[in-house]
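**Q** Each residue of the sequence shown is one higher than the one before, starting from 74 at the first, in my numbering.
Quick reminder that beta carbons are idealized off the backbone N, C-alpha and C, glycines included.
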Amino acid sequence: MIADGSLEVGPLATERFSFDRANQAYEVLLARSALGILIEYPHASAVEDSLRRRTIPVNLSPRSVSRSAELVAAVIGAGNFATRSLLPALQNAGIRVKTVVSAGGINGTRLAQKFGAEQSSTNSSSAIADPQVNLVVVATRHDSHAALACAALEAGKHVFVEKPLALNLAELEQIENVYAKVARNSGIILMVGFNRRFSPLTQKLKNLLDNTPGTKSFIITVNAGEVPREHWTRDLRTGGGRVIGEVCHFVDLARFLAGRIITGVQATGSGESSESVCFTLRFEDGSFASINYLDNGPNSFPKERIEVFTAGRALVLCNFRKLVGYNWPSFNRLRLWRQDKGHNAIVAAFAEAIRKGQPSPIAFNELSEVTRTTMQIAAATR
Numbered sequence: 074m075i076a077d078g079s080l081e082v083g084p085l086a087t088e089r090f091s092f093d094r095a096n097q098a099y100e101v102l103l104a105r106s107a108l109g110i111l112i113e114y115p116h117a118s119a120v121e122d123s124l125r126r127r128t129i130p131v132n133l134s135p136r137s138v139s140r141s142a143e144l145v146a147a148v149i150g151a152g153n154f155a156t157r158s159l160l161p162a163l164q165n166a167g168i169r170v171k172t173v174v175s176a177g178g179i180n181g182t183r184l185a186q187k188f189g190a191e192q193s194s195t196n197s198s199s200a201i202a203d204p205q206v207n208l209v210v211v212a213t214r215h216d217s218h219a220a221l222a223c224a225a226l227e228a229g230k231h232v233f234v235e236k237p238l239a240l241n242l243a244e245l246e247q248i249e250n251v252y253a254k255v256a257r258n259s260g261i262i263l264m265v266g267f268n269r270r271f272s273p274l275t276q277k278l279k280n281l282l283d284n285t286p287g288t289k290s291f292i293i294t295v296n297a298g299e300v301p302r303e304h305w306t307r308d309l310r311t312g313g314g315r316v317i318g319e320v321c322h323f324v325d326l327a328r329f330l331a332g333r334i335i336t337g338v339q340a341t342g343s344g345e346s347s348e349s350v351c352f353t354l355r356f357e358d359g360s361f362a363s364i365n366y367l368d369n370g371p372n373s374f375p376k377e378r379i380e381v382f383t384a385g386r387a388l389v390l391c392n393f394r395k396l397v398g399y400n401w402p403s404f405n406r407l408r409l410w411r412q413d414k415g416h417n418a419i420v421a422a423f424a425e426a427i428r429k430g431q432p433s434p435i436a437f438n439e440l441s442e443v444t445r446t447t448m449q450i451a452a453a454t455r
């Protein structure tokens, strides 16, 4: 119909962009300010050549960062979390981002331009193999975390992988085997994005607890809110479900605050229609944590609340913005101007450990322990 002239589509294209301005077209599309967008390509031979290239230069003069003990990163994944949290944190830590990898290329190119990366790619293997890259950041959907982390470790790169580390026991055991073979004694650091333990108020809470003898009782309430059933995080193959993908944060937080190995876990859930779960962790010194992860609460209730009871005292941390002590010597309350869940601090600690040749800010055995415990909770509540 278009060929014979009976269907006129010209008026549908309210905006036109050359191919090299595709990122601007994407912004217009997100803003929903255009009826139709027409992308104008260069001549045929140039298009054919560009389609064969999986990596393209973006910034010929990348933003300068400190060259002392330089860290050069390939960031794999260009979704919301990479955009809002990871890439700004990498920038703040003085890490040079050479390549941003995305599945389709458009998001990666847009982020590379925004954050001063040198190139955009759709080829994660070549980004990992790049001899200039010594750090790989994995921020893809959950089902590729383990494979990408293993590939980066085997290539001799430091790895920062967003949680979860793995979706199932087979993936976790693969990571454990690769780490034992190539990373354990080499100084290579594997880090998982358990940022909440790096929040400044969590650090203050931990300091207060470490100076108080005796067992601790933790009550952690997470008002997670409902996520549509069709969302990818709830798909067991892609996202692993919310226990695997999100509850791991709070297993790690309890493990960090207790400072002891997890020796037991009991869990129950609401069934298939809900991903609310309640579970108890027991630690080797007799401390325990009761954690409620709920998807049926109101938005008006605090999203994350941590209560600790010990030695006739109590501490309450609310939304990583306010910490209050009850009957606590020399401590009453501490409040931040804004919520801080530790996103910048975890990347800064990771970078500092690499530059100074220090151990990982989170020991590998803790990463493995937390991941394995989370899998036990998921199995018990499905």
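If we ignore side chains and look at the alpha-carbon of each, how far apart do residue 172 and residue 146 end up?
**A** In the sequence shown, the residue the question calls residue 172 occupies position 99. In the sequence shown, the residue the question calls residue 146 occupies position 73. For residue 172 and residue 146, the distance between alpha carbons rounds to 7 Å.
**Q** Taking the CB atoms as reference points, tell me whether residue 248 and residue 224 lie closer together than 8 Å.
**A** Indexing the sequence shown from 1 puts residue 248 at position 175. Indexing the sequence shown from 1 puts residue 224 at position 151. Not closer than 8 Å, so no.
**Q** Report the rounded CA-to-CA distance for residue 252 versus residue 285, giving the unit in angstroms.
**A** As a first step, residue 252 is located in the sequence shown; it is residue number 179 there, counting from the start. As a first step, residue 285 is located in the sequence shown; it is residue number 212 there, counting from the start. Spanning the two alpha carbons is a distance of roughly 35 Å.
**Q** May I have a chain-ordered list of the alpha helix (DSSP H) segments no shorter than 4 residues that lie completely inside the region 172–220?
**A** Listed in chain order, the complete alpha helix (DSSP H) runs (minimum 4 residues) inside the region 172–220 are 179–188, 197–202.
**Q** For the region 205–213 against the region 270–284, do three or more pairs of beta-carbon atoms, one drawn from each stretch, fall closer than 8 Å, so that the two count as touching?
**A** With the cut-off at 8 Å, the region 205–213 and the region 270–284 do not touch.
**Q** Under a three-way DSSP split, which group does residue 267 fall into?
**A** Working through the sequence shown from its first residue, we reach residue 267 at position 194. The answer is coil: DSSP assigns residue 267 none of H, G, I, E or B.
**Q** Is the beta carbon of residue 269 less than 8 Å from the beta carbon of residue 443?
**A** For this step, residue 269 is matched to residue 196 along the sequence shown. For this step, residue 443 is matched to residue 370 along the sequence shown. No, the pair does not count as a contact, with Cβ atoms beyond the cut-off.
**Q** Rounded to whole angstroms, what's the CA-CA distance from residue 191 to residue 263? Just pull it up for me.
**A** If you number the sequence shown from 1, residue 191 lands on position 118. If you number the sequence shown from 1, residue 263 lands on position 190. Whole-angstrom Cα-Cα distance: 24 Å.
**Q** Hey, would you say residue 201 sits closer than 8 Å to residue 231, going by beta carbons?
**A** For the purposes of this step, residue 201 is taken as residue 128 along the sequence shown, with counting starting at 1. For the purposes of this step, residue 231 is taken as residue 158 along the sequence shown, with counting starting at 1. For residue 201 and residue 231, no; Cβs fall outside 8 Å.
**Q** Using three-state DSSP, classify residue 99 as helix, strand or coil.
**A** Within the sequence shown, residue 99 is the residue found at index 26, counting from 1. Helix, per DSSP.
**Q** One question on the structure: do residue 278 and residue 160 come within less than 8 Å of each other, judged by their Cβ atoms?
**A** Reading the sequence shown from its first residue, position 205 is the one you call residue 278. Reading the sequence shown from its first residue, position 87 is the one you call residue 160. Contact flag unset, no.
**Q** Decide yes or no for the touch test of the region 296–306 against the region 440–455: beta carbon pairs closer than 8 Å, at least 3 of them.
**A** No: the two stretches stay apart, fewer than three of their Cβ pairs being nearer than 8 Å.
**Q** Compare the Cα-Cα distances from residue 385 to each of 290, 165, 429, 93 and report the closest residue.
**A** Here residue 385 corresponds to residue number 312 of the sequence shown, with the count starting at 1. Among 290, 165, 429, 93, the Cα nearest to that of residue 385 is on 290.
**Q** Rounded to whole angstroms, what is the Cα-Cα separation between residue 203 and residue 246?
**A** Looking up residue 203 in the sequence shown gives position 130. Looking up residue 246 in the sequence shown gives position 173. Residue 203 and residue 246: Cα-Cα distance of roughly 27 Å.
**Q** So, at 6 Å on beta carbons, what are the nonlocal neighbours of residue 390 in its own chain, with the 5 sequence-adjacent residues on each side left out?
**A** Reading the sequence shown from its first residue, position 317 is the one you call residue 390. Contacts found: 274, 278, 379, 396.
**Q** Is DSSP giving residue 403 helix, strand or coil here?
**A** As a first step, residue 403 is located in the sequence shown; it is residue number 330 there, counting from the start. In this structure, residue 403 counts as coil in the three-state DSSP scheme.
**Q** How would you label residue 140, buried or exposed, when you count the other beta carbons within 10 angstroms and need 16 or more for buried?
**A** Here residue 140 corresponds to residue number 67 of the sequence shown, with the count starting at 1. Only weak support exists for where residue 140 lies, its pLDDT of 45 falling under 50; the coordinates are left without a value.
**Q** When you compare only the Cα positions, how much space is there between residue 310 and residue 216?
**A** As a position in the sequence shown, residue 310 is number 237, starting the count at 1. As a position in the sequence shown, residue 216 is number 143, starting the count at 1. The straight-line gap from Cα to Cα measures roughly 7 Å.
**Q** Between which residues of its own chain and residue 312 is the CB-CB distance below 6 Å, once the five residues before and five after are set aside?
**A** To locate residue 312, count along the sequence shown from 1; it is residue 239. 215, 305, 306, 318, listed in sequence order.
**Q** Judging by CA-CA distance, which residue of 130, 455, 84 is the nearest neighbour of residue 93?
**A** Along the sequence shown, one-based indexing puts residue 93 at 20. Closest option to residue 93, Cα to Cα, is 130.
**Q** For residue 89, write down the residues that DSSP places opposite it in a beta bridge.
**A** In the sequence shown, counting from the first residue as 1, residue 89 sits at position 16. Its beta-bridge partners are 111.
**Q** Does the Cβ-Cβ distance between residue 212 and residue 154 come in under 8 Å?
**A** In the sequence shown, the residue the question calls residue 212 occupies position 139. In the sequence shown, the residue the question calls residue 154 occupies position 81. In contact: residue 212 and residue 154 (Cβ atoms closer than 8 Å).
**Q** Quick one: using the 10 Å Cβ neighbour count with 16 as the cut-off for buried, is residue 441 buried or exposed?
**A** In the sequence shown, the residue the question calls residue 441 occupies position 368. Buried, since its Cβ has 16 or more Cβ neighbours within 10 Å.
**Q** Pick out whichever of 288, 164, 148, 163 has its Cα sitting closest to the Cα of residue 355.
**A** The residue labelled residue 355 in the question sits at position 282 within the sequence shown. Closest option to residue 355, Cα to Cα, is 288.
**Q** Run through the DSSP bridge pairs and tell me what residue 383 is partnered with.
**A** For the purposes of this step, residue 383 is taken as residue 310 along the sequence shown, with counting starting at 1. Paired residue(s): 386.
**Q** For residue 374, which three-state DSSP category applies?
**A** Taking the sequence shown and counting its residues from 1, one reaches residue 374 at position 301. Reduced to three states, the DSSP call for residue 374 is coil.
**Q** Taking 8 Å as the limit between beta carbons, can you name the residues of its chain near residue 81, skipping five residues before and five after?
**A** In the sequence shown, residue 81 corresponds to position 8, counting from 1. If we look at residue 81 and ignore the five residues flanking it on each side, it has no Cβ neighbours.
**Q** Which value, in whole angstroms, describes the spacing of the CA atoms of residue 68 and residue 446?
**A** A question about residue 68 goes unanswered here, because the residues of the chain that appear run from 74 up to 455.
**Q** Are the region 234–245 and the region 420–439 touching by the rule of at least three beta carbon pairs closer than 8 Å?
**A** The region 234–245, when compared against the region 420–439, does not touch it at the 8 Å Cβ threshold.
**Q** For residue 408, write down the residues that DSSP places opposite it in a beta bridge.
**A** Mapped onto the sequence shown, residue 408 falls at position 335. DSSP output for residue 408 lists 395 as bridge partner(s).
**Q** Answer yes or no: do residue 265 and residue 435 have a C-beta to C-beta separation smaller than 8 Å?
**A** Walking along the sequence shown from the start, residue 265 turns up at place 192. Walking along the sequence shown from the start, residue 435 turns up at place 362. Yes, these two residues count as a Cβ contact at 8 Å.
**Q** My output table needs one value for residue 419: the three-state DSSP class, helix, strand or coil.
**A** Translated into positions along the sequence shown, residue 419 becomes position 346. The answer is helix: DSSP assigns residue 419 an H, G or I state.
**Q** Should residue 166 and residue 362 be called a contact, given that it needs their Cβ atoms to be closer than 8 Å?
**A** Numbered from 1 along the sequence shown, position 93 holds the residue referred to as residue 166. Numbered from 1 along the sequence shown, position 289 holds the residue referred to as residue 362. Taking 8 Å as the Cβ cut-off, residue 166 and residue 362 do not qualify as a contacting pair.
**Q** Roughly how many angstroms separate the alpha carbons of residue 84 and residue 178, rounded to a whole number?
**A** The residue you call residue 84 lines up with position 11 of the sequence shown. The residue you call residue 178 lines up with position 105 of the sequence shown. If you take the alpha carbons of residue 84 and residue 178, they lie about 28 Å apart.
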